[in-house]
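Numbering (the numbering used here), first residue to last: 21 to 297.
Just so you know, even glycine gets a beta-carbon here, dropped at the ideal spot from N, CA and C.
This structure is a prediction, so every number in the text was calculated from the model and none was measured.
What follows is a set of notes on a single structure, which appears directly below.
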């Protein structure tokens, strides 16, 4: 097959005119189908090293007031010194209200100092206030408090003839168990409170208050119903441990043992002088 002859210049110009091409943009023809040559990369710019920025220390996170506490040893020493200087129960209450060494103060609603008669011959001490006590500012006013009222009424007592307090005067958040540090910080205040009330009989309610005040490491099952000597620093008084009313609400089968302890308390209070163990 014979190839067709190449078009002449005149023929090409006639073709372009028919196609609408009426002017040339460049002097040299351009092959639009050829691959474009790569553009050479620009030489790298000389970068000026960034100026070192001044480091700004991160802002310290805000600490809730309830978490701002004195160092444990310092807090205990401060509590001992403050409690020792209180000449009266009113002065001791004021000192406690102004004391910032225990973080529980900042999470509780009210200071729960005491209830009853400061001149009573018998003093009951529990562990810490609960929700109802935190609202009213008085110890043992909830369900356990009503049971305690019935317990002491069974031996001829009421709140006008008894004095009631707690080792911890502020409610722990959520009614959790107080930490050993919280107990140690509050201990000098309740010890001074006992000394100022100067009862004939001290009754510890439950294991935590018994271990904190009596110093025993045994459980309440072994210590309840036994008499101990409690030295206030100015006088040795009789002390006895029994179940906490809240425990009796959960385990009513132990009320019989608690009744035996109450009868022993009534017997001592009814005797003249200090009974023998």
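{"Asked": "Please give the ranges of any alpha helix (DSSP H) in the stretch 181-220, keeping only runs that are unbroken, at least 4 residues long and fully inside the region.", "Found": "200-217"}
{"Asked": "When the distance is taken between beta carbons, is residue 187 closer than 9 Å to residue 206?", "Found": "yes"}
{"Asked": "Within the chosen definition, does the stretch 174-182 reach the stretch 278-285 through at least 3 CB pairs nearer than 8 Å?", "Found": "yes"}
{"Asked": "Excluding the 5 residues flanking residue 1 on each side, which residues of the same chain have their C-beta closer than 7 Å to its C-beta?", "Found": "No answer is possible for residue 1: it lies beyond the span of the chain, which begins at 21 and ends at 297."}
{"Asked": "Please determine, among 155, 157, 154, 179, the residue with the shortest C-alpha to C-alpha distance to residue 166.", "Found": "179"}
{"Asked": "Taking contact to mean at least 3 C-beta pairs separated by less than 8 Å, is the stretch 151-164 in contact with the stretch 237-257?", "Found": "no"}
{"Asked": "Can you tell me where the beta strand (DSSP E) with residue 256 in it begins and where it stops?", "Found": "256-262"}
{"Asked": "Taking the continuous beta strand (DSSP E) assigned at residue 157, which residues delimit it?", "Found": "Counting along the chain, residue 157 falls outside any beta strand (DSSP E), and DSSP gives it neither H nor E."}
{"Asked": "Measure the beta-carbon distance from residue 208 to residue 124 and round it to whole angstroms, keeping in mind my assumption that it falls under 8 Å.", "Found": "Incorrect: roughly 15 Å between the Cβ atoms, too far for contact."}
{"Asked": "Among the residues of its own chain, which have a CB less than 8 Å from the CB of residue 280, if the five just before and after it don't count?", "Found": "245"}
{"Asked": "Any idea which residues DSSP pairs residue 133 with across the strands?", "Found": "According to DSSP, residue 133 bridges with nothing at all."}
{"Asked": "Using DSSP bridges, identify the partner residues of residue 142.", "Found": "221"}
{"Asked": "Specify the secondary structure class of residue 244 as computed by DSSP and reduced to three states.", "Found": "strand"}
{"Asked": "Quick check on the burial criterion: 16 or more other C-beta atoms within 10 angstroms. Buried or exposed for residue 291?", "Found": "exposed"}
{"Asked": "Taking Cβ to Cβ, would you say residue 228 is nearer than 9 Å to residue 103?", "Found": "no"}
{"Asked": "Report all residues from its chain with a CB closer than 8 Å to the CB of residue 249; omit the five preceding and five following residues, and keep chain order.", "Found": "256, 257, 258, 259"}
{"Asked": "Just curious, the alpha helix (DSSP H) that residue 101 is in, first and last residue?", "Found": "92-104"}
{"Asked": "What span of residues does the alpha helix (DSSP H) with residue 276 cover, start to end?", "Found": "275-290"}
{"Asked": "Give a yes or no on whether the C-beta atoms belonging to residue 168 and residue 144 are separated by under 9 Å.", "Found": "yes"}
{"Asked": "Give the DSSP bridge partners of residue 250, in chain order.", "Found": "257"}
{"Asked": "Once you ignore the five residues that flank residue 136 on each side, which residues in its own chain have a CB closer than 6 Å to its CB?", "Found": "179, 182, 183, 184"}
{"Asked": "Taking only three categories from DSSP, how would you classify residue 28?", "Found": "coil"}
{"Asked": "Can you find the residues in the same chain that come closer than 7 Å, C-beta to C-beta, to residue 253, ignoring five residues on each side of it along the sequence?", "Found": "215"}
{"Asked": "Considering residue 169, what are the terminal residues of the alpha helix (DSSP H) in which it resides?", "Found": "163-173"}
{"Asked": "With a Cβ-Cβ cutoff of 9 Å, do residue 92 and residue 201 count as a contact?", "Found": "yes"}
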